[in-house]
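Student:
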Amino acid sequence: MKKFSAIFSLFLILSLLSGCTGPGSGIPDDGKLTVITSFYAMYDFACKIGGDKVHVVNLTPAGVEPHDWEPSPSDIVSLEKADVFIYNGAGMESWVDSVLASLGNKNLAVVKASSGIPLLNSDGEKSDGTSNDPHVWLNPQNAKAEMKAILDALVEKDPDNAAYYEDNYSRYSQDLDTLDGEFRDALAVVPFRNIVVAHQAFSYLCSAYDLHQVAIEGLAADSEPDAARMGDIIDFARSNHVKVIFFEELVSPKVAKVIAEESGCTTAVLNPLEGMSAKDQADGKDYFSAMRENLAELVKALS
Ligand SMILES: [Zn+2]
2 MKKFSAIFSL FLILSLLSGC TGPGSGIPDD GKLTVITSFY AMYDFACKIG
52 GDKVHVVNLT PAGVEPHDWE PSPSDIVSLE KADVFIYNGA GMESWVDSVL
102 ASLGNKNLAV VKASSGIPLL NSDGEKSDGT SNDPHVWLNP QNAKAEMKAI
152 LDALVEKDPD NAAYYEDNYS RYSQDLDTLD GEFRDALAVV PFRNIVVAHQ
202 AFSYLCSAYD LHQVAIEGLA ADSEPDAARM GDIIDFARSN HVKVIFFEEL
252 VSPKVAKVIA EESGCTTAVL NPLEGMSAKD QADGKDYFSA MRENLAELVK
302 ALS
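Counted the way the numbering used here counts, the sequence shown spans residues 2 to 304.
1) Going by DSSP in three states, F247 sits in which element: helix, strand or coil?
2) Would you say Q275 touches ligand 1, meaning its beta carbon is less than 7 Å from a heavy atom?
3) Assuming A187 contacts V300 under a Cβ cut-off of 8 Å, what Cβ separation, rounded to an integer in Å, is found between them?
4) Would you tell me roughly how many angstroms separate the C-alpha atoms of Y288 and S253, rounded to the nearest one?
5) Taking a contact to mean a Cβ-Cβ separation below 8 Å, would you say E225 touches L251 in this structure?
6) By DSSP, does E218 sit in helix, in strand, or in coil?
7) Does the beta-carbon of D45 have 16 or more other beta-carbons within 10 angstroms, so that it is buried, or is it exposed?
8) Keeping to the same chain, check which residues put their C-beta closer than 6 Å to that of A110; ignore five residues upstream and five downstream.
9) Counting pairs of beta carbons, one from the segment 208 to 220 and one from the segment 183 to 198, are three or more of them closer than 8 Å?
10) Where are the beta strand (DSSP E) runs, 3 residues long or more, that stay fully inside the segment 88 to 115, in chain order?
11) Report the rounded CA-to-CA distance for A165 versus M93, giving the unit in angstroms.
12) I'd like the ranges of any alpha helix (DSSP H) spanning at least 4 consecutive residues and lying wholly in the segment 58 to 86.
13) Thinking I28 and H68 are a contact (beta carbons under 8 Å), I'd like their distance in whole angstroms, please.
14) For the beta strand (DSSP E) containing I28, list its first residue and its last residue.
15) Please work out which residues of its chain come closer than 6 Å, Cβ to Cβ, to F193, disregarding the five sequence neighbours upstream and downstream, and give them in chain order.
16) Ligand 1 and A291: does the residue's C-beta get closer than 7 Å to at least one heavy atom of that ligand?
17) Quick check: what's the CA-CA separation for I37 versus N59?
18) State yes or no: is the C-beta of V112 within less than 8 Å of the C-beta of I87?
19) Measuring only from the beta carbon, is A199 closer than 7 Å to any heavy atom that is part of ligand 1?
20) Roughly how many whole angstroms lie between the Cα atoms of S123 and G32?
21) Quick one: what does DSSP say V270 is sitting in, helix, strand or coil?
22) Could you pull out every residue in the same chain whose Cβ sits closer than 7 Å to the Cβ of A7, ignoring the five residues on either side in sequence?
23) Any heavy atom of ligand 1 within a distance shorter than 7 Å of the CB on A202?
24) Can you tell which of H136, E167, A91 has the C-alpha that lies nearest to the C-alpha of G130?
25) Where G265 and A229 are concerned, what is the direct C-alpha to C-alpha distance, given to the nearest angstrom?
26) I believe N140 touches Y205 by the beta-carbon criterion, under 8 Å. Please report the beta-carbon distance rounded to the nearest angstrom.
27) Closer than 6 Å by C-beta to V190: which residues in its own chain qualify, once you throw out the five before and the five after it? Chain order, please.
28) Might you give, ordered along the chain, the residues of its own chain that have their beta carbon closer than 8 Å to the beta carbon of L13, omitting 5 neighbours on each side?
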């Protein structure tokens with residue numbers, strides 16, 4: 002009897018789970034689509050469009066920096082059973098091509114969310130195809146395009162719920178326009194335009210709002226600057242009214258703190274939405290709240 006009630010409670014818990022579940026969570030076999038995403042921003046967008054009509058599982062664990070992450074054998078097993086796989090592309094997930102080529106899952110719809118978005122290099126100029134910044138989602142208009150790609154895949158895979166997915170997209174695309182307007186208005190009037198950031202993640206954001214980033218580390222967040230590079234950044238900060246050195250939660254702030262001390266700056270977080278801690282997710286933080294925190298920090302730093 003005890004065992005029966007334990008199983009029954011488990012069933013109840015599973016059937017009450019909302020659409021978005023963490024990695025390793027059991028996916029109930031209830032006919033809803035299983036959607037797998039590569040890292041946090043894709044996960045948040047998929048949850049917003051799919052709502053409670055889909056089960057979304059994020060591959061990169063909460064709070065893990067995704068540039069160097071690779072899927073485990075159990076992640077591959079999950080992909081073999083999934084209906085939809087959503088990744089950013091544009092060089093963000095280096096493992097995707099080989100993993101997709103190895104899969105036998107003929108049912109899997111694959112969404113490269115950045116498809117069709119014009120790619121920029123780390124200076125915010127149109128990429129010549131040799132290198133580009135993958136962090137397209139940090140421009141709200143690009144986030145909208147990525148949500149549209151997710152919408153199209155869900156509608157095709159699950160046409161019975163098309164109206165539901167379209168309503169969600171319509172609501173969030175308006176919210177993204179609102180967010181874009183807030184960035185545009187607030188950043189149009191700040192007197193300074195240079196930001197010093199931990200890694201070159203902000204080309205799309207800077208390009209959209211006429212800012213200029215100087216990055217301590219490269220596109221992938223895993224390199225450490227040499228002494229000459231640190232000296233250049235310290236000189237840049239001293240001579241360009243830079244007040245704040247930005248770092249991000251998933252990368253050690255050590256280097257940013259040294260540069261801040263040497264140049265008389267403070268430090269603050271600028272979140273590239275590559276990951277979100279389990280606590281922040283439980284507290285209801287998402288793309289929109291993190292982007293608004295980013296905007297508040299940018300305005301403070303540039304005023
Ligand atoms: Zn990055």
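By construction, the Cβ of each residue, glycine as well, lies at the ideal position given by its N, Cα and C atoms.
Tutor: On the basis of the supplied data:
1) If you number the sequence shown from 1, residue 247 lands on position 246. Three-state DSSP puts F247 in a strand.
2) Within the sequence shown, numbered from 1, the residue matching residue 275 stands at position 274. Here residue 275 turns out to be Glu, not Gln, going by the sequence shown. Relative to ligand 1, the nearest heavy atom lies less than 7 Å away from the CB of E275.
3) Working through the sequence shown from its first residue, we reach residue 187 at position 186. Working through the sequence shown from its first residue, we reach residue 300 at position 299. That belief holds up - the Cβ atoms of A187 and V300 are roughly 5 Å apart, short of 8 Å.
4) Translated into positions along the sequence shown, residue 288 becomes position 287. Translated into positions along the sequence shown, residue 253 becomes position 252. Distance between the alpha carbons of Y288 and S253: 22 Å.
5) Looking up residue 225 in the sequence shown gives position 224. Looking up residue 251 in the sequence shown gives position 250. No, they are not a contact pair.
6) As a position in the sequence shown, residue 218 is number 217, starting the count at 1. E218: strand per DSSP, three-state reduction.
7) For the purposes of this step, residue 45 is identified with residue 44 of the sequence shown, where counting begins at 1. Buried.
8) Residue numbering aside, residue 110 sits at position 109 when the sequence shown is read from its first letter. Cβ within range, chain order: V85, A154, K158.
9) yes
10) 110 to 113
11) Locating residue 165 in the sequence shown gives position 164, counting from the first residue. Locating residue 93 in the sequence shown gives position 92, counting from the first residue. The sequence shown places Tyr at residue 165, not Ala. Spanning the two alpha carbons is a distance of roughly 30 Å.
12) 74 to 82
13) Walking along the sequence shown from the start, residue 28 turns up at place 27. Walking along the sequence shown from the start, residue 68 turns up at place 67. Not confirmed; about 27 Å, so no contact.
14) Numbered from 1 along the sequence shown, position 27 holds the residue referred to as residue 28. Note, I28: premise wrong, no beta strand (DSSP E); not H, not E.
15) Stepping through the sequence shown from its first residue, residue 193 is reached at position 192. Result list for F193: H242, L303, in chain order.
16) One-based indexing of the sequence shown puts residue 291 at position 290. Checking every heavy atom of ligand 1 against the Cβ of A291, none is found closer than 7 Å.
17) In the sequence shown, the residue the question calls residue 37 occupies position 36. In the sequence shown, the residue the question calls residue 59 occupies position 58. Cα to Cα, the separation comes out at about 6 Å.
18) Numbered from 1 along the sequence shown, position 111 holds the residue referred to as residue 112. Numbered from 1 along the sequence shown, position 86 holds the residue referred to as residue 87. Yes. Within cutoff.
19) Position 198 of the sequence shown, counting from 1, holds the residue named residue 199. Flag unset: Cβ of A199 not near ligand 1.
20) The residue given as residue 123 occupies position 122 in the sequence shown. The residue given as residue 32 occupies position 31 in the sequence shown. Their Cα atoms are separated by approximately 43 Å.
21) For the purposes of this step, residue 270 is identified with residue 269 of the sequence shown, where counting begins at 1. In the structure shown, V270 sits in a strand (DSSP, three-state: E or B).
22) In the sequence shown, counting from the first residue as 1, residue 7 sits at position 6. Legend: pLDDT at A7 = 47, less than 50; position of this residue unreliable, value from coordinates given subsequently. There are no such residues.
23) Along the sequence shown, read from residue 1 onward, the residue named residue 202 stands at position 201. Yes, ligand 1 has a heavy atom inside 7 Å of this Cβ.
24) Numbered from its first residue, the sequence shown carries residue 130 at position 129. Among H136, E167, A91, the Cα nearest to that of G130 is on A91.
25) Along the sequence shown, one-based indexing puts residue 265 at 264. Along the sequence shown, one-based indexing puts residue 229 at 228. As the crow flies, the alpha-carbon of G265 is around 18 Å from that of A229.
26) The residue you call residue 140 lines up with position 139 of the sequence shown. The residue you call residue 205 lines up with position 204 of the sequence shown. Contact holds; Cβ gap of about 4 Å.
27) As a first step, residue 190 must be located in the sequence shown, where it is residue number 189. Nothing listed; no residue qualifies.
28) Mapped onto the sequence shown, residue 13 falls at position 12. Note that L13 scores 40 on pLDDT, short of 50, meaning its location in the model is unreliable and no value can be drawn from it.
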